[in-house]
Amino acid sequence: MIDKTVVSPTAAVADVFDGATVMIGGFGTAGMPGELIDALIERGASDLTIVNNNAGNGETGLAALLKARRVKKIICSFPRQTDSHVFDALYRAGEIELELVPQGNLAARIQAGGAGFGAFFTPTGYGTLLAEGKETRNIGGRNYILEYPIRADFALIKADRGDRWGNLVYRKTARNFGPIMATAAQCTIAQVRDVVPLGSLDPEAIVTPGIFVRRVVPIRVAQRSAA
Amino acid sequence: MNRLTREQLADRVARDIPEGAYVNLGIGLPTLVANHLPRDREIFLQSENGLLGMGPAPAPGHEDPDLINAGKQPVTLLTGGAYFHHGDSFAMMRGGHLDICVLGAFQVAANGDLANWHTGASDAIPAVGGAMDLAIGAKRVWVMMDHLTRSGESKIVAHCSYPLTGIACVTRIYTDLAVIDVTPHGLQAIETVPGLGFAELERLTGIPLINAIAPVTE
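What follows is the structure in structure tokens.
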């Protein structure tokens, strides 16, 4: 019997290694897999390359991972926010590398990674600082830049419910990067509010089919609010 | 000279959004437009973080941390609204499916070049978000901004001195002084605030404008 459920976040991230590339879902804190990140901090893996839309908020979640100095490089679209002081200080001190990517190119590069493309031409960013040094092409009268896929060793994402085969559904705008990151990592680990019996998720409404998910970690709400 | 307040400017922009339009409102000033959309029109607001049919802010106490807008503020979903992932959200932008996006700006150039993501200052931490995708993707790109900087310099310029967000992408500029279309022939002023004549607008703007201001009919 296939059961992808892993009861403890600690066990779920036990094989994240030094130097790994780790995608972390979320837009701000919506969809950020807080308990998996806490377990990753506890695990102690360092020199990580992190892919996320932002660069941490406040002192928890991704910001805490940065503060613990486990991150060598971050690939993101919008690091600077009112509460990104942990990242801001590391960046100003030259202690973290930043690869800034327009948000849609970030999403498309992740999708390309998951879908097996070698590269793609995108109009976004053409003629800007963020296209410097990149190949360009005029296709049908429009200018494009060449962008390459992003793949990861691990993706840590947050969904609402999952089953033992790894099928996932999400909640509201916490969905954001979860479904696309799930496709682009060697090992996708999803924390969910509830693991439900096989067959209770409507097959017409499953957002992430289980083939993209290696581990499903139930995080009870009581546990979540205590964290 | 009267200047539009932020709310008046938001109201002016909202008047031009037609029934049935799919619209993305950028973070900051453009977010105010949502509060001024005419109630008798069905308009679809898209938010880059995976939301179509975005509604107003929730009543106090009804905020849901899983339901936010691009500025990470709590919002609601209208009946008939939908959630989707980031790949689909940016396909809506890049693929030309949005009718209008409204963006803030540091500068707009005479040819429609837009600068709104980075001052270029060496100590600034750059952040781009979805600005570049919106700038090149929406069918119509409207900028909403103050006409002048705090020190009185025009934000409408011959060439942007700040790093560009997109090339020749802006189609219309709404400021606290005027409404200006970006056309193949140049910048065309179509409206000014009461008490501001074309010549004075052009002087304040500092670059040549075309006068297409309709005579007052009231």
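In order, the protein sequences belong to chains A and B.
When we follow this note's numbering, the leftmost residue of the first sequence carries the number 1, and every step to the right adds one.
When we follow this note's numbering, the leftmost residue of the second sequence carries the number 228, and every step to the right adds one.
Virtual Cβ for every residue (Gly too), placed ideally from N, Cα, C.
When the alpha-carbon of B:His-345 is set against those of B:Glu-234, B:Thr-392, B:Ala-336, B:Phe-271, the nearest one is in B:Thr-392.
A:Arg-171 is positioned such that its CB atom lies no closer than 8 Å to that of A:Asp-163. The Cβ of B:Arg-399 sits no closer than 8 Å to any Cβ of chain A. If you ignore the 5 residues before and after B:Ile-440, its C-beta comes within less than 7 Å of the C-beta of Ala-416, Ile-417, Glu-418, Thr-419, Phe-425, all in its own chain and listed in chain order.
For B:Thr-392, the closest Cβ of chain A is nearer than 8 Å.
Secondary structure note for A:Leu-156: it is in no alpha helix (DSSP H), and the uninterrupted beta strand (DSSP E) holding it is 152 to 158. The contact set of B:Leu-294 on chain A, defined by CB atoms closer than 7 Å, consists of Lys-172, Thr-173 in chain order.
For B:Thr-419, the enclosing beta strand (DSSP E) has its first and last residue at 413 to 419. When 7 Å is used as the limit between beta carbons, B:Lys-299 is near these residues of chain A: Gly-28, in chain order. A direct Cα-to-Cα measurement between B:Ala-286 and B:Asn-262 gives close to 14 Å.
Remark: three or more beta-carbon pairs, one from each stretch, lie closer than 8 Å, so the region 54 to 63 of chain A and the region 25 to 33 of chain A are flagged as touching. Contact residues of the region 74 to 108 of chain A toward chain B are Cys-76, Ser-77, Phe-78, Pro-79, Arg-80, Gln-81, Ser-84, Phe-87, Asp-88, Tyr-91, Arg-92, Leu-98, Leu-100, Val-101, Pro-102, Gln-103, Gly-104, Asn-105, Leu-106, Ala-107, Ala-108 (C-beta to C-beta distance below 9 Å). Around the CB of A:Glu-147, 16 or more other CB atoms lie within 10 Å, so the residue is classed as buried. Contacts between B:Pro-353 and chain A, judged by CB atoms closer than 7 Å, involve Leu-100 in chain order. At a cut-off of 8 Å between beta carbons, A:Ile-180 contacts chain B.
For B:Asn-276, the closest Cβ of chain A is nearer than 8 Å. If one requires a minimum length of 4 residues, the alpha helix (DSSP H) runs lying completely within the region 20 to 62 of chain A are 34 to 43, in chain order.
Fully enclosed alpha helix (DSSP H) runs of no fewer than 4 residues occupy 85 to 92, 103 to 115 of the region 79 to 157 of chain A, in order along the chain. Burial of A:Lys-158 is indicated by the presence of at least 16 other C-beta atoms within 10 angstroms of its C-beta. If you keep only unbroken beta strand (DSSP E) runs of at least 3 residues inside the region 334 to 407 of chain B, you get 334 to 336, 367 to 372, 399 to 402. Residue-level contact by beta carbon holds for B:Arg-321 and chain A, with a gap shorter than 8 Å. Contact of B:Ile-363 with chain A is assigned, a C-beta pair being separated by under 8 Å. Within chain A, the residues whose beta carbon sits less than 7 Å from that of B:Asp-291 are Lys-172, listed in sequence order.
Within the same chain, and ignoring the five residues on either side of A:Gln-191 in sequence, the residues whose Cβ sits closer than 6 Å to its Cβ are Pro-33, Glu-35, Leu-36, Lys-158, Val-217, Ile-219.
Close to B:Tyr-310, with beta-carbon spacing below 7 Å, are these residues of chain A in chain order: Lys-172, Thr-173, Arg-175. By alpha-carbon distance to B:Ser-274, the top candidate from B:Pro-265, B:Met-372, B:Thr-258, B:Leu-431 is B:Thr-258. In terms of CA proximity to B:His-412, B:Leu-436 leads the group B:Thr-432, B:Gln-235, B:Leu-436.
Listed in chain order, the positions of the region 119 to 133 of chain A with a beta carbon within less than 8 Å of a beta carbon of chain B are Thr-122, Pro-123, Thr-124, Gly-125, Tyr-126, Gly-127, Thr-128, Leu-129, Leu-130. The residue among A:Thr-208, A:Ile-145, A:Leu-129 with its C-alpha nearest the C-alpha of A:Phe-121 is A:Ile-145. DSSP places A:Arg-215 in the strand class (E or B) of the three-state scheme. The Cβ atoms of A:Ile-189 and A:Phe-154 sit closer than 8 Å to each other.
Contact annotation: in the region 262 to 276 of chain B, residues whose CB is within less than 8 Å of a CB in chain A are Ser-274, Glu-275, Asn-276. Here A:Thr-208 has Leu-168, Pro-179, Ala-182 as same chain residues with Cβ atoms under 6 Å from its own Cβ, once five neighbours each way along the sequence are excluded. For the set B:Asp-403, B:Arg-430, B:Asp-408, the Cα lying nearest the Cα of B:Arg-239 is the one of B:Asp-403.
Residue range 9 to 12 is occupied by the alpha helix (DSSP H) that includes A:Ala-11. Per DSSP, reduced to three states, the secondary structure at B:Asn-262 is helical.
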